[in-house]
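>
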Ligand SMILES: NC(=O)c1ccc[n+]([C@@H]2O[C@H](COP(=O)([O-])OP(=O)(O)OC[C@H]3O[C@@H](n4cnc5c(N)ncnc54)[C@H](O)[C@@H]3O)[C@@H](O)[C@H]2O)c1
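In the working numbering, the protein residues as written are 5 to 444.
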């Protein structure tokens with residue numbers, strides 16, 4: 005079968021990565037976005053966000069001549085055989101549900117120009133039932149009508165590892181409603197499948213559900229160990245030792261069992277909320293009612309971190325200098341969507357503290373959204389004169405801080421390790437009062 009030409013609609017964290025990697029793998033790719041500035045930056049060889057390895061691959065893809073960018077849906081429809089929908093599905097304002105405005109707008113804009121047989125493939129994370137709804141919409145709007153098919157191919161990439169997760173994912177999931185759609189998807193992932201990546205072919209609804217089920221499981225595992233941390237705090241037990249002992253059990257495993265400040269970002273929090281909202285609509289809200297508790301445990305870690313900082317500051321942070329290490333929702337990313345780090349930093353600021361933030365990659369994003377906070381040049385600069393240092397994102401460069409060097413610049417040697425990233429004995433030996441959630 006012929007190699008399909010691909011379009012990638014929505015060139016954010018997911019779409020830009022997908023477009024670039026697919027071009028590097030040998031496909032002709034057209035990236036499409038409504039954001040002209042983003043398209044211009046990508047076309048000129050600049051990745052508009054931090055993702056290790058991606059700038060090099062963008063240069064390679066542009067040089068090959070196989071990757072181009074546009075804001076024209078007409079051009080996209082004329083060019084592509086397989087169209088990947090990668091636009092955002094954020095949490096709707098004032099509700100737990102997903103905001104489907106961008107998915108609906110992009111599919112509508114594309115469909116209007118589809119005059120020949122093509123496959124539209126959703127990659128965005130969506131409420132179950134979306135693919136069925138969009139199938140009807142596309143068939144109604146597209147000049148090619150019933151010739152257009154829809155499929156769902158949920159994306160599991162992790163920011164920070166987006167390139168390797170795209171080039172060689174743990175698995176691919178193809179939600180399809182015909183053999184032709186499966187054939188198209190197999191062709192559109194041929195070089196990935198050639199590396200023996202497992203593929204699960206299923207129906208549209210199951211494919212949509214796999215993504216939210218996976219994220220719900222991961223969120224549950226994180227909140228589970230953080231719930232244990234709450235119990236440890238009440239008993240003087242050590243959640244780090246507890247987690248390590250649990251992890252030896254191969255039925256449990258150690259991944260996502262790290263206690264700390266909890267999850268954030270543009271996926272887990274909004275995905276579990278949207279799942280609850282959708283389950284309610286379907287009359288099975290009770291089945292995922294536990295996710296409310298998972299969300300609650302996660303939110304409490306943020307307020308408990310603020311409490312620990314306050315405790316170390318002597319009971320009141322008003323007028324105290326706090327050094328906040330980290331802003332991104334996780335290391336190796338500049339993504340600050342629902343970032344626990346910035347939530348804690350801005351709460352401390354609202355309580356009257358003088359908060360100085362440093363993050364290796366997310367400074368521009370943080371300054372844009374939180375201009376009220378002060379920003380340092382590096383970790384030691386942020387810590388100058390601090391009454392309390394709080395580690396909020398576990399970047400390697402923070403793990404490698406020399407406790408003696410930091411002790412030399414702070415006002416008081418007091419640190420809250422919000423990510424269980426530091427070795428307590430080393431910090432205590434250097435004269436620090438070291439505290440972490442769930443540890444004595
Ligand atoms: N970021 C991740 O790690 C990740 C991982 C797996 C799944 N996802 C899912 O992928 C989807 C996209 O996430 P993201 O992080 O890339 O979001 P993002 O906000 O970084 O990117 C979305 C892009 O879509 C563009 N867009 C908006 N409306 C458009 C339209 N009508 N037509 C064309 N483009 C439009 C925006 O300009 C933006 O560039 C979400 O559903 C998310 O849940 C994300």
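Think of the CB as a built atom: it goes at the ideal place given N, C-alpha and C, for glycine as much as any other residue.
Shortest alpha-carbon distance to residue 163 belongs to which of 157, 35 and 53?
Position 159 of the chain shown, counted from the start, is the residue given in the question as residue 163. Looking at the Cα atoms, 53 is the closest of the given residues.
> Can you find a heavy atom of ligand 1 that lies under 7 Å from the Cβ of residue 36?
The residue given as residue 36 occupies position 32 in the chain shown. Checking the Cβ of residue 36 against ligand 1 gives yes.
> Sorted by chain position, which residues of the same chain lie with C-beta nearer than 7 Å to residue 182's C-beta, five sequence neighbours on each side aside?
Numbered from 1 along the chain shown, position 178 holds the residue referred to as residue 182. 153.
> Ignoring anything shorter than 4 residues or poking outside the stretch 111-199, list the alpha helix (DSSP H) runs there in chain order.
Entirely contained in the stretch 111-199, the alpha helix (DSSP H) runs reaching 4 residues are, in chain order, 134-145, 166-171, 183-192 and 194-197.
> Please report the Cβ distance between residue 373 and residue 306, rounded to the nearest whole angstrom; I am assuming they are in contact, meaning their Cβ atoms lie under 8 Å.
The residue you call residue 373 lines up with position 369 of the chain shown. The residue you call residue 306 lines up with position 302 of the chain shown. That pair is no contact at about 16 Å.
> Beta carbon of residue 33, beta carbon of residue 12: below 8 Å?
For the purposes of this step, residue 33 is taken as residue 29 along the chain shown, with counting starting at 1. For the purposes of this step, residue 12 is taken as residue 8 along the chain shown, with counting starting at 1. Yes, the Cβ-Cβ distance between residue 33 and residue 12 is below 8 Å.
> So, under 8 Å CB-CB, residue 408 and residue 434 are touching, yes? Tell me the CB distance rounded to an integer number of Å.
For the purposes of this step, residue 408 is taken as the residue at position 404 of the chain shown. For the purposes of this step, residue 434 is taken as the residue at position 430 of the chain shown. Correct: roughly 5 Å between the Cβ atoms.
> Give the range of the beta strand (DSSP E) segment to which residue 229 is assigned.
Counting from one through the chain shown, the residue named residue 229 turns up at place 225. Taken as a continuous stretch (DSSP letters only), residue 229 belongs to no beta strand (DSSP E), being part of the alpha helix (DSSP H) at 208-239.
> With residue 61 as the anchor, note down where its alpha helix (DSSP H) starts and where it stops.
To locate residue 61, count along the chain shown from 1; it is residue 57. Taken as a continuous stretch (DSSP letters only), the alpha helix (DSSP H) holding residue 61 covers 58-68.
> Does DSSP put residue 71 in a helix, in a strand, or in coil?
Translated into positions along the chain shown, residue 71 becomes position 67. Strand.
> Taking C-alpha atoms, which residue in 24, 369 and 351 lies nearest to residue 64?
For this step, residue 64 is matched to residue 60 along the chain shown. Comparing Cα positions, the closest option is 24.
> Measure how close the beta-carbons of residue 442 and residue 263 come, nearest whole angstrom, since I'm counting them as under 8 Å.
To locate residue 442, count along the chain shown from 1; it is residue 438. To locate residue 263, count along the chain shown from 1; it is residue 259. Right, their Cβ atoms sit about 5 Å apart.
> Under the assumption that residue 246 contacts residue 236 (Cβ atoms under 8 Å), give the Cβ distance between them as a whole number of angstroms.
The residue given as residue 246 occupies position 242 in the chain shown. The residue given as residue 236 occupies position 232 in the chain shown. The pair is a contact, with the Cβ atoms about 7 Å apart (cut-off 8 Å).
> Indicate, with yes or no, if ligand 1 has a heavy atom lying under 7 Å from the CB of residue 125.
Within the chain shown, the letter at position 121 stands for residue 125. No.
> Say yes only if the C-beta of residue 13 is nearer than 7 Å to one or more non-hydrogen atoms of ligand 1, and no if none qualify.
For the purposes of this step, residue 13 is identified with residue 9 of the chain shown, where counting begins at 1. At least one heavy atom of ligand 1 is nearer than 7 Å to the Cβ of residue 13, so yes.
> On the three-state DSSP scale, how would you describe residue 424?
Within the chain shown, numbered from 1, the residue matching residue 424 stands at position 420. Looking at residue 424 - three-state DSSP - the assignment turns out to be coil, as it is neither helix nor strand.
> CB-CB under 6 Å to residue 47, same chain, minus the five flanking residues each way: which ones, in chain order?
Within the chain shown, numbered from 1, the residue matching residue 47 stands at position 43. Only 73 meet the Cβ criterion.
> Kindly indicate which three-state DSSP category residue 362 falls into: helix, strand or coil?
The residue you call residue 362 lines up with position 358 of the chain shown. Strand, per DSSP.
> Please give me, in chain order, every unbroken run of the alpha helix (DSSP H) with length at least 4 that falls completely inside the stretch 352-398.
Segments of the alpha helix (DSSP H) lying fully in the stretch 352-398: 367-373 and 383-387.
> Could you name the residues that DSSP lists as bridge partners for residue 333?
Taking the first residue of the chain shown as position 1, residue 333 is located at position 329. None, per the DSSP bridge assignment.
> Per the DSSP calculation, residue 260 is bridged to which residue(s)?
As a first step, residue 260 is located in the chain shown; it is residue number 256 there, counting from the start. For residue 260, which the question treats as bridged, DSSP gives no partner whatsoever.
> Considering residue 28, what are the terminal residues of the alpha helix (DSSP H) in which it resides?
In the chain shown, residue 28 corresponds to position 24, counting from 1. Unbroken alpha helix (DSSP H) run through residue 28: 17-28.
> By a C-beta neighbour count over all protein chains shown, 10 Å radius and 16 as the cutoff for buried, is residue 93 buried or exposed?
Residue numbering aside, residue 93 sits at position 89 when the chain shown is read from its first letter. Classification of residue 93: buried, given that the 10 Å Cβ count is 16 or more.
> Any heavy atom of ligand 1 closer than 7 Å to the Cβ of residue 42?
Position 38 of the chain shown, counted from the start, is the residue given in the question as residue 42. Yes - ligand 1 has a heavy atom lying nearer than 7 Å to the Cβ of residue 42.
> How far does the beta strand (DSSP E) with residue 89 in it reach, from first residue to last?
Indexing the chain shown from 1 puts residue 89 at position 85. That run of the beta strand (DSSP E) goes 86-89.
> Could you give the C-beta distance for residue 40 and residue 7, rounded to a whole number, given that I count them as a contact under 8 Å?
Numbered from 1 along the chain shown, position 36 holds the residue referred to as residue 40. Numbered from 1 along the chain shown, position 3 holds the residue referred to as residue 7. About 29 Å; that fails the 8 Å criterion.
> Any chance the stretch 74-90 sits against the stretch 119-134, with 3 or more Cβ pairs inside 8 Å?
With the cut-off at 8 Å, the stretch 74-90 and the stretch 119-134 touch.
> Measuring only the C-alpha atoms, how far is residue 131 from residue 211?
Walking along the chain shown from the start, residue 131 turns up at place 127. Walking along the chain shown from the start, residue 211 turns up at place 207. Near 11 Å, if we compare the C-alpha coordinates of residue 211 and residue 131.
> Kindly list the residues whose CB is nearer than 6 Å to the CB of residue 77, restricted to its own chain and excluding five residues on each side of it in sequence; keep chain order.
Locating residue 77 in the chain shown gives position 73, where the first residue counts as 1. Hits under 6 Å: 113, 114 and 117.
> Rounded to whole angstroms, what's the CA-CA distance from residue 172 to residue 21? Just pull it up for me.
Looking up residue 172 in the chain shown gives position 168. Looking up residue 21 in the chain shown gives position 17. C-alpha separation (whole angstroms): 13 Å.
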